[in-house]
Amino acid sequence: METQAKTSMFTGLAVRITGNSVIPVDALETILAANGHTMDSLVHNARVRLEQEQNEADKLRQEAEEEALKATEEYEKVLRAAKTQLAEAQKVINDTKATAQVHAVSADNIRKALEFTNHS
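Taken in order, the sequence shown gives residues -6 to 113; the numbers are from this note's numbering.
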């Protein structure tokens, strides 16, 4: 009785199979029954496949997110190292400038002393 109620729910409907082919649902139910299936089992199988595909998609999305996180962490690590190297290079540049200024003052003092000695 319950099967008849479920079957009658589909009565009068048609299903597009491929291209322009349309088959009435009652005919489809007959074909399915001949092969040991029902509309319910067909719908159940489709839901199971959909769930499996959604699970696979979720798994792939999670893997992609994990890879993106790893890549971001690696990028941040490289960026920190580059900033450290840049700071060290800037310190060397500043130290070199300071040393050059000291040498320039010393050279200027030596030049002035030589000029004073030469004029005396």
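By construction, the Cβ of each residue, glycine as well, lies at the ideal position given by its N, Cα and C atoms. Since this is a predicted model, take the numbers as computed values, not measurements.
Simplified DSSP assignment, three categories, for residue i
i	result
residue -6	Since pLDDT at residue -6 reaches only 34, below the 50 mark, its modelled position is unreliable, and the value read off the structure follows with that caveat. Of the three classes helix, strand and coil, the one that applies to residue -6 here is coil, per DSSP.
residue 0	In this prediction, residue 0 has a pLDDT of 43, which is less than 50 and means its spatial position is unreliable; nothing more can be read from the coordinates.
residue 30	coil
residue 48	helix
residue 103	helix
Whether residue i touches residue j by CB criterion (8 Å)
i	j	result
residue 32	residue 44	no
Residue i: CB within 7 Å of a non-hydrogen atom of the ligand ZN
i	result
residue 94	Absent from the structure shown: the ligand ZN. Ligands present: none.
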